[in-house]
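Visitor: Going left to right, the sequence shown walks through residues -16 to -1, 1 to 395 as mature numbering (1 follows the signal peptide of the UniProt record, and there is no 0) numbers them.
Quick reminder that beta carbons are idealized off the backbone N, C-alpha and C, glycines included.
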Amino acid sequence: MRSIIILTTLISLCLVFPIFDNFPQLSLLPQSLYCKNRLIKLAPNEYRLVSEDEKLNLKRRNQNFIDMTGQIPIDVAVEQGLVTKPVLSVWQKVFLIGSKQITSLKKTIPIYNYPKSTKYNNEINKLFALIDVDFMLKKLTKFTSFYSRYYRSESGSESANWLHGQVLKLVGEFKQIQVKKIHHDGWDQFSIIVSIPGEVKDKVVVGAHQDSANLILPSIMKAPGADDDGSGSITILESLRLILEAYANGSFKPYNTLEFHWYSAEEGGLLGSIDVFSRYSNASEVVVGMLQQDMTGYVQGTIDAGVEPHFGLISDYTSVELNNFLKLIIKAYNSIPYHESKCGYACSDHASALENGYPSSFLIESEMKYSNKYIHSVMDTIDRLDWDHIKEHVKLTVAYAYELSSAKDLH
Ligand code: BES
Ligand code: ZN
């Protein structure tokens, strides 16, 4: 009887306070089952109002979506006919009134003249000799030792602080290079941005997501997230280390501003990256290309199938032109080929860039069908990863970052 009273009270609290769901410490309460206070985008013209728990169920069924709650207030979504009006109590109406103005829901993506040939082969190949697998192994071992990097957990904030410290150590005494913590509304784990200023403000972005999640019970269960996306986070950390070597000896001077991003809350529906890119869009920043590194280390799927190790070049919800530039980079700098593959829709942070009008690409460890099946569980561990494969992703990332940030005639 007592538990029925507690449950009923919690459900009614939820109905009265839809924002209740946003408090991480309360996320385990049954109220999360009943609050339809998240606006998600499942396809270009398909929006839905769901609860946190329904979001998790969609993820468990491999249904991709972007959580647009911070971008489009629910009343605006209703006004624009994106979703039908939810039945609200008086209190809910008070709490749901949003002030943000949505100017356009679908932005066009500009086309840039990406280089048609590579120019810095000598310099870049010299950097490849410096790739340090021991460094990466050490950093990934520590990164996966946090109980979980779930964006709503305390250990998720601790892992962000650790990563921030590592980035600061690399950037060291370069006064002109900025390292920023990007704090988000509604959860504590911040995103991290390193910005190496170029002659112009146009940005070339390399990204990965720092958070992990165990999809059974994200707030309770361990989530090492070695491949998803510890591997991508460490791939871009090592790439930054190499780029800084070239920056320090004066051989690399970016023309475009080069940025490295570690996003928070990708597993919550691309929440961190959508916040970052919508801020860029609101500030009229130019991003000429964004490359996402998410899952860079698992090759057992290809080995089991008797298929050559390869990159999976995601061909849907990415930029055709930037993908073509990546094909050029792979042919010039990598010792494995690419296979094109489809993700379904918005399966990682590259989708947040595209959503905000910026060309983006996503290069994963293999075609989707051979990719790591242990992600989102306690079994996503380092021992299943292949360092030669991660090295190929580092080479690709360094070459992309170096060549594109040095390109002058993009417009
Ligand atoms: N790394 C995954 C995406 C992924 C999974 C790519 C398997 C290739 C193979 C990513 O972290 C993820 O889990 N994405 C969510 C979607 C997101 C919008 C919540 C997914 O795929 O369910
Ligand atoms: Zn991921």
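1) If contacts are defined as beta-carbon pairs under 8 Å, then G191 and Y231 qualify, I think. What distance do you get, rounded to the angstrom?
2) Let me check one thing: in DSSP terms, what residues is L23 bridge-paired to?
3) For a minimum of 3 consecutive residues, which ranges assigned as the beta strand (DSSP E) are wholly contained in the segment 269 to 329?
4) So, under 8 Å CB-CB, D195 and M279 are touching, yes? Tell me the CB distance rounded to an integer number of Å.
5) Using a threshold of 8 Å, state whether the C-beta atoms of G54 and D169 are closer than that.
6) Among L152, I180, P181, Y134, whose alpha-carbon lies nearest the alpha-carbon of W171?
7) Indicate whether R22 and S35 have their beta-carbon atoms separated by less than 8 Å.
8) Based on Cα-Cα distance, which residue from F346, Y31, H148 lies nearest to G65?
9) Using the C-alpha atoms, what's the distance from S257 back to D333?
10) CB-CB under 7 Å to Y358, same chain, minus the five flanking residues each way: which ones, in chain order?
11) As a quick exercise: from D372, N106, A391, pick the residue whose alpha carbon is nearest that of D118.
12) Within 10 angstroms of the Cβ of D288, are there 16 or more other Cβ atoms? Answer buried if so, exposed if not.
13) Quick check on DSSP: helix, strand or coil for L347?
14) Specify whether the segment 237 to 253 and the segment 318 to 327 touch according to this definition: at least 3 beta carbon pairs, one from each stretch, less than 8 Å apart.
15) Along the chain, where does the alpha helix (DSSP H) that runs through G256 open and close?
16) By the DSSP assignment, the beta strand (DSSP E) with Y384 in it spans what residues?
17) Which of the three DSSP states, helix, strand or coil, is assigned to Y247?
18) Check whether the segment 263 to 282 and the segment 197 to 208 touch, using three or more Cβ-Cβ pairs below 8 Å as the test.
19) Measuring straight from C-alpha to C-alpha, what distance separates E243 and S179?
20) Mind the definition here: the segment 212 to 222 touches the segment 98 to 107 only if three or more C-beta pairs lie below 8 Å; say whether that holds.
21) Just the C-alpha distance for K185 and S336, rounded to the nearest angstrom, thanks.
22) At 3 residues or longer, what runs of the beta strand (DSSP E) sit wholly inside the segment 148 to 172?
23) What do you reckon, are the CB atoms on V67 and L33 nearer than 8 Å?
24) Could you check the C-alpha separation between I348 and I200 for me, to the nearest Å?
25) Do you know how far the Cα of Q277 is from the Cα of H377?
26) Using a 10 Å radius around the Cβ and a threshold of 16 neighbouring Cβ atoms, would you call N109 buried or exposed?
27) Following the continuous alpha helix (DSSP H) through A61, name the residue where it begins and the one where it ends.
28) Less than 7 Å between C-beta atoms, sequence neighbours within five positions excluded: which residues of the same chain meet that for G182?
29) Using a threshold of 7 Å, is the CB atom of H193 nearer than that to any non-hydrogen atom of the ligand ZN?
30) Among A144, Y282, F261, A330, which one has its Cα closest to the Cα of S350?
31) As a quick check of your reading: which residues have a C-beta less than 5 Å from at least one non-hydrogen atom of the ligand ZN, in chain order?
32) Taking the beta carbon of S175 as the centre, do at least 16 other beta carbons fall within 10 Å, making it buried, or is it exposed?
33) For N308, which residues from the same chain have a beta carbon less than 8 Å from its beta carbon, with the 5 sequence-adjacent residues on both sides left out?
34) In the structure shown, what three-state DSSP assignment does A232 receive?
Guide: Looking at the atomic coordinates:
1) With a Cβ gap of about 19 Å, G191 and Y231 do not count as contacting.
2) L23 is bridged to L33.
3) As far as the segment 269 to 329 is concerned, its whole beta strand (DSSP E) runs of at least 3 residues are 271 to 276, 295 to 298, 322 to 325.
4) In fact, because the Cβ distance is near 14 Å, the residues do not count as touching under 8 Å.
5) One thing to note: G54 has its Cβ within 8 Å of the Cβ of D169.
6) Looking at L152, I180, P181, Y134, the one whose alpha-carbon comes closest to that of W171 is Y134.
7) The Cβ-Cβ distance between R22 and S35 falls below 8 Å.
8) Across the set F346, Y31, H148, the C-alpha of Y31 shows the shortest separation from the C-alpha of G65.
9) Roughly 6 Å between the two C-alpha positions.
10) Excluding sequence positions up to five before and after Y358, its CB lies within less than 7 Å of the CB of D364, R368, all in the same chain and listed in chain order.
11) Nearest to D118 by alpha-carbon distance, out of D372, N106, A391, is D372.
12) Looking at its Cβ environment, which holds fewer than 16 other Cβ atoms inside 10 Å, D288 is exposed.
13) Looking at L347 - three-state DSSP - the assignment turns out to be strand.
14) They do not touch, by the three-pair rule.
15) G256: member of the alpha helix (DSSP H) spanning 255 to 266, first to last residue.
16) Annotation for Y384: no beta strand (DSSP E) segment contains it, though the alpha helix (DSSP H) segment containing it runs 371 to 390.
17) In this structure, Y247 counts as strand in the three-state DSSP scheme.
18) Contact fails: fewer than three Cβ-Cβ distances are below 8 Å.
19) Those two C-alpha atoms are separated by around 5 Å.
20) Because the criterion of three Cβ pairs below 8 Å is not met, the segment 212 to 222 and the segment 98 to 107 do not touch.
21) Their Cα atoms are separated by approximately 20 Å.
22) Runs of beta strand (DSSP E) with 3 or more residues, each lying fully within the segment 148 to 172, are found at 162 to 166, listed in chain order.
23) Yes; because the gap between Cβ atoms is below 8 Å, this pair is in contact.
24) The straight-line gap from Cα to Cα measures roughly 24 Å.
25) Cα to Cα, H377 sits roughly 8 Å from Q277.
26) Exposed: under 16 other Cβ atoms inside 10 Å.
27) It spans 58 to 63 - the alpha helix (DSSP H) in which A61 sits, taken as one unbroken run.
28) So the qualifying residues of the chain are P238, Y239, N240, T241, L242, S389.
29) The answer is yes for H193.
30) When only C-alpha atoms are compared, the closest one is Y282.
31) That query returns the following residues: D212, D213, D278.
32) Looking at its Cβ environment, which holds 16 or more other Cβ atoms inside 10 Å, S175 is buried.
33) Cβ within range, chain order: Y98.
34) Here A232 sits in helix by DSSP.
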